[in-house]
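Engineer: Here UniProt numbering is used: the sequence shown runs in plain steps of one and ends on residue 96. All C-beta atoms in this analysis are idealised placements derived from N, C-alpha and C, irrespective of residue type, glycine included. This one's a predicted model, so the numbers in the text were calculated from it and none came from an experiment.
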Amino acid sequence: NLIFNTFHFISLQHALWFFRVSYRWISQLIALLIYAVLLIPGFIKVGYYYFFSRHVIRSVIYGEQPRNRLDLYIPKDNSKSSSVVAFVTGEAWIIG
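1) Count the CB pairs spanning the region 43-59 and the region 70-77 that are closer than 8 angstroms, and state whether there are at least three.
2) Measuring only the C-alpha atoms, how far is A15 from T6?
3) Pull up the CB-CB distance for S59 and R69, whole angstroms please, since I reckon it's below 8 angstroms.
4) In terms of DSSP beta bridges, what is V60 paired with?
Here's what the structure looks like:
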């Protein structure tokens, strides 16, 4: 088994040398994968809030085009008047 693993490691070394891939690239890939795994809990929390919260009203239609939709985030205590924040994102806001 040790000989088999050593053979694969040496074959990998030759393949990396042939394609001019350094070990630094592999270490950066591993660091990126670890970083992505560490971000998963935050994304799960945001996704859960977006899809299951009673305080989010999704896809409110405001125009005739299919993409004219917005999401409303209602405050937990909506008994008093609150400020409104409009966050516009997308391709570009050219006129208006």
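Structural biologist: Answer, in terms of the structure:
1) yes
2) Walking along the sequence shown from the start, residue 15 turns up at place 15. Walking along the sequence shown from the start, residue 6 turns up at place 6. Taking the straight line joining both Cα atoms gives about 14 angstroms.
3) The sequence position of residue 59 within the sequence shown is 59, counting from 1. The sequence position of residue 69 within the sequence shown is 69, counting from 1. Indeed, because the Cβ distance is near 5 angstroms, the residues count as touching under 8 angstroms.
4) Start at 1 with the first residue of the sequence shown, and residue 60 comes out as number 60. Beta-bridge pairing links V60 to L70.
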